[in-house]
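Participant: Residue numbering for the sequence shown follows the working numbering, beginning at 27 and increasing consecutively.
Here a beta-carbon is modelled for each residue, glycine too, at the ideal position from N, C-alpha and C.
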Amino acid sequence: MNQLRHEGSLEATEDLWSLANGPLGNVNIYSGCISNGIRFHTNDRDSHRKSQNSGVMVEKDHEGKTIGFYGNLCKVWELNYICGRHVVLFQCEWFNTGRSRFITADAHFISIDVRSIWYKNDPFVLPIQVKQVFYVNDTKFGDHWKVVELLQHRGIWDIPQRDDGLEPSDAPATDVFQQDETTNAVPNIVVDDSVEVRLTRDDVDSEIIPSNVVLESYSRQDISNFPEEDEDEDESMGEPSDNEENEFAIESDSDIDPNEEP
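#1: Which whole-angstrom value describes the C-beta separation of Gly-63 and Phe-160, a residue pair presumed to lie in contact below a C-beta threshold of 8 Å?
#2: Alpha carbon to alpha carbon, how far is Thr-39 from Arg-31?
#3: Per the contact definition of three or more C-beta pairs closer than 8 Å, is the segment 52-61 in contact with the segment 84-91?
#4: Give me the residue from Gly-34, Val-102, Val-173 and Gln-178 with the minimum Cα distance to Ile-60.
#5: Round the Cβ separation of Pro-149 and Cys-118 to the nearest angstrom and send it over; I've been treating them as touching at under 8 Å.
#6: In three-state DSSP terms, what is Gln-158?
#7: What do you reckon, are the CB atoms on Cys-100 and Asn-147 nearer than 8 Å?
#8: Lys-166: which of Ser-73, Arg-127, Ser-243 and Ser-137 sits nearest, CA to CA?
#9: So is Leu-105 in contact with chain B if we call contact Cβ pairs under 8 Å?
#10: Just reading off the alpha helix (DSSP H) that Glu-85 is part of, what are its end residues?
#11: Say the cut is 7 Å; is the CB of Ile-108 nearer than that to a heavy atom of the ligand SAH?
#12: Per DSSP, what kind of secondary structure is Gly-48 in: helix, strand or coil?
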């Protein structure tokens with residue numbers, strides 16, 4: 027790979043070249059990880075919490091048969107490579123599901139004896155291979171038995187990806203599909219028959235109007251729109267008439283009690 031890289035071959039990409047040179051000496055270990063939108067915690071971290079996020083399951087071959095490997099997440103390893111590349115691995119503890127006396131399954135439930143561990147020398151898997159499961163105490167077989175609970179996470183749909191042009195409904199739902207990202211951006215609307223509106227005219231010559239002419243036109247407009255005062259109305263508002271004086275006198279007399287002594 028280094029020779030292909032030196033020759034400038036297109037096959038020697040940075041991803042392959044960094045993997046071919048092996049990981050660097052520094053390794054990061056974590057107690058939790060979010061993979062494909064799913065939160066995973068190690069078994070030690072779950073022991074101090076009420077929630078459970080350490081149950082894992084993968085489907086792999088065992089003696090020529092594909093079976094489900096159930097277990098708990100123990101550590102999250104992050105291997106560092108050159109060119110800024112990183113690889114995350116899950117170190118898991120697998121329950122023995124290869125023998126019938128350690129696992130029971132029917133049409134509704136799968137129960138596992140968690141006392142027996144196997145594949146101790148092969149604990150690592152990639153996060154993309156893992157499905158999250160939950161373990162519930164089995165009240166029928168005892169404390170060492172756990173019922174496996176499979177669930178469908180929110181935002182993840184079992185929609186198979188087809189490359190042959192067929193509809194997704196024609197294929198069995200075996201692969202898990204998840205939307206990579208969402209956006210709230212408003213799509214651009216393209217109008218074919220657009221109308222251009224111009225706010226200036228190009229068919230006439232420009233004319234400069236002096237400022238005194240503009241001010242004079244505004245002053246004339248203000249004087250013409252101002253309402254005229256009614257002299258008769260102002261005079262009538264100035265002094266009360268004889269009738270109004272008589273009305274005032276009657277109202278003042280009506281306020282005096284006739285039976286009251288002066």
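Facilitator: The relevant details are as follows:
#1: The pair is not a contact, with the Cβ atoms about 17 Å apart (cut-off 8 Å).
#2: 8 Å
#3: no
#4: Val-102
#5: 5 Å
#6: strand
#7: 8 Å or more divides the Cβ of Cys-100 from the Cβ of Asn-147.
#8: Ser-137
#9: You won't find chain B in this structure, because it holds only one protein chain.
#10: For Glu-85, there is no enclosing alpha helix (DSSP H); the residue is part of the beta strand (DSSP E) that begins and ends at 81-88.
#11: In terms of ligand content, the structure shown is empty, and the ligand SAH therefore cannot be addressed.
#12: coil
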